[in-house]
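Below you'll find the structure, written out as structure tokens, and then a few comments.
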Amino acid sequence: MLWLGYVGSKVFQRMKLPSVTGFLLVGVLLGPQISNVLNQGVLDRLSFIEPLALSVITFIIGEKLHFKRLAKLGARSLFLSMTEIALLHLLTRIILLLNAYLFIKCFVFGQLRDGSGLPHYLEGVTFSL
2 MLWLGYVGSK VFQRMKLPSV TGFLLVGVLL GPQISNVLNQ GVLDRLSFIE PLALSVITFI
62 IGEKLHFKRL AKLGARSLFL SMTEIALLHL LTRIILLLNA YLFIKCFVFG QLRDGSGLPH
122 YLEGVTFSL
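So this is what it looks like as structure tokens:
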């Protein structure tokens, strides 16, 4: 198991990807969701290793973290995130307003015509204008 994790990390290093990715991929492949080599019973018995493994992984990630590059990417990431949030908010508002407009239009014109402007789930409800 450790050997496979090591090999996976080296393969990903050769592909210019973080070695942590190799550890994670091997863990997923050996876990109960895919091959069940490490079934739930084995994982329960090995649970004491989890804090140590997480410590090693965070150490490896921290070793690769460059604050100058992170600061440079931070402003760009913040701009992209805020733009995405604003566009999704605007799109949601437009869809909700359009739905409200269409509902009111169908309701009013249906009531004026013959009272059939209600959606099927409101057919039994009586309205008085």
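Just so you know, we're using this note's numbering here: the sequence shown kicks off at 2 and counts up by one. Every residue gets a Cβ at the ideal spot worked out from N, C-alpha and C, and that includes glycine.
Three-state secondary structure (DSSP) of residue i
i   : result
P33 : coil
N40 : coil
L25 : helix
L91 : helix
S47 : According to the sequence as given, residue 47 is Leu; it is not Ser. In the structure shown, L47 sits in coil (DSSP, three-state: anything other than H, G, I, E or B).
L18 : coil
Within 8 Å, strictly: CB atoms of residue i and residue j
i   : j  : result
G38 : G9 : Reading the sequence as shown, one finds Val at residue 38 and not Gly. Contact flag unset, no.
Integer Cβ distance of residue i from residue j, believed to fall under 8 Å
i   : j   : result
K65 : P19 : 6 Å
I58 : F13 : Not really, about 13 Å apart at Cβ, beyond 8 Å.
L44 : S36 : With 8 Å as the limit, L44 and S36 do not qualify as a contact, their Cβ atoms being about 13 Å apart.
Between the CA atoms of residue j and residue i - distance to the nearest angstrom
i    : j   : result
L55  : G32 : 16 Å
C107 : M83 : 36 Å
K11  : A87 : 41 Å
G6   : I61 : 14 Å
V21  : P52 : 15 Å
A101 : I95 : 10 Å
F80  : G42 : 46 Å
Element boundaries [alpha helix (DSSP H), containing residue i]
i   : result
K65 : 51-65
K11 : 3-15
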